[in-house]
Amino acid sequence: MFASRFFVSLLAFTALGVSASPAPAPAEKRSADVSDILAVVSTLKTKTNAILPEINALVAQGFANQATLTPLLTNLVASLNTAHTSIAAISSVNADSGSTSDVANAIAPIVADITNTLGSAQAAVPGLAGILAGLGLDAALNQVLVGLELLLAGVLNLVAGLLVDVAGILSGLALGLVLATLGL
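Now the structure itself:
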């Protein structure tokens, strides 16, 4: 009898304690400097440097097809989505903390590498543009670029200037959002 009263009292105090606990605060956006953006871009570069050589190897060895490329392309889209999420978590950037051209010079080679790799893969896998559209590559890459522009006004103009040489490949891959965002 005493044990049941003790148990009921314990449950009552536990319930009060749990209901009085504050809810976790939602994740807040934070202010950053250019080095934080460069860190996100560097992480994206590391991830693409692991994925793109695998695609190039499959193409070079003649093993590129929808079945072999789709998992790698899915990982590429996931990497871009992760980069976008990291960029979106930054609410503003201290403009005095670095150069917009540093970010443009960091992201442009990544976009060029992705474009060149997928351009060569398209020659081996007809219909690759449709696969890319189904996986959402255009939207994922575009979100990264737009996110950078929202944080650092003018970065897209610099990136566009660096990517003029791959505009035709972007068009062939049906990456219309990226082309429109860059104005190419």
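Throughout the sequence shown, residue numbering follows mature numbering (1 follows the signal peptide of the UniProt record, and there is no 0), covering -20 to -1, 1 to 164 in sequence. Don't be surprised by glycine CBs; every beta carbon is placed ideally from N, CA and C. Computed from a prediction, not measured in an experiment: that's the story for all the values here.
Identified DSSP bridge partners for residue i
i: threonine 12; result: Rather than threonine, the amino acid found at residue 12 in this sequence is alanine. The partner list for alanine 12 (beta bridge, DSSP) reads Val73.
Where the alpha helix (DSSP H) containing residue i begins and where it ends
i: alanine 103; result: 80 to 104
i: glycine 148; result: 147 to 152
i: glycine 127; result: 117 to 131
i: glycine 156; result: 156 to 162
i: alanine 44; result: That residue, alanine 44, is in no alpha helix (DSSP H); it is neither H nor E in DSSP.
i: valine 135; result: 135 to 142
Exposure label - residue i; buried when at least 16 CB within 10 Å
i: glutamine 145; result: In the sequence on display, residue 145 carries aspartate and not glutamine. Exposed is the call here.
i: alanine 160; result: exposed
i: alanine 88; result: buried
i: glutamine 123; result: buried
i: glycine 110; result: exposed
i: glycine 127; result: buried
i: leucine -10; result: Residue confidence for leucine -10 is low, a pLDDT of 43 falling below 50, so the modelled location carries little weight; the figure read from the coordinates is stated next. So leucine -10 counts as exposed.
i: alanine 12; result: buried
Spatial distance of residue i from residue j (CA atoms)
i: threonine 23; j: proline 106; result: 31 Å
i: serine 59; j: glutamate 34; result: 15 Å
i: serine 81; j: valine 14; result: 10 Å
i: valine 21; j: leucine 49; result: 24 Å
i: isoleucine 17; j: valine 83; result: 7 Å
i: lysine 27; j: glutamate 129; result: 22 Å
i: glutamine 41; j: serine 71; result: 44 Å
i: asparagine 68; j: asparagine 85; result: The question names asparagine, yet the displayed sequence has alanine at residue 68. Cα-Cα distance, rounded: 20 Å.
i: asparagine 55; j: asparagine 74; result: 32 Å
i: alanine 101; j: alanine 44; result: 7 Å
i: alanine 92; j: glycine 148; result: 12 Å
i: asparagine 29; j: leucine 52; result: 12 Å
i: threonine 97; j: threonine 65; result: 24 Å
i: leucine 112; j: glycine 99; result: 12 Å
i: alanine 63; j: lysine 25; result: 10 Å
i: alanine 104; j: valine 39; result: 6 Å
i: leucine 150; j: alanine 140; result: 12 Å
i: valine 57; j: leucine 121; result: 8 Å
i: glycine 163; j: alanine 133; result: 15 Å
i: leucine 142; j: alanine 47; result: 33 Å
i: isoleucine 94; j: isoleucine 31; result: 10 Å
i: alanine 37; j: isoleucine 90; result: 18 Å
i: asparagine 61; j: leucine 125; result: 11 Å
Can we say the segment 102 to 120 touches the segment 155 to 162, given the rule of at least three CB pairs closer than 8 Å?
Per the Cβ contact rule, the segment 102 to 120 is in contact with the segment 155 to 162 (3 or more Cβ pairs under 8 Å).
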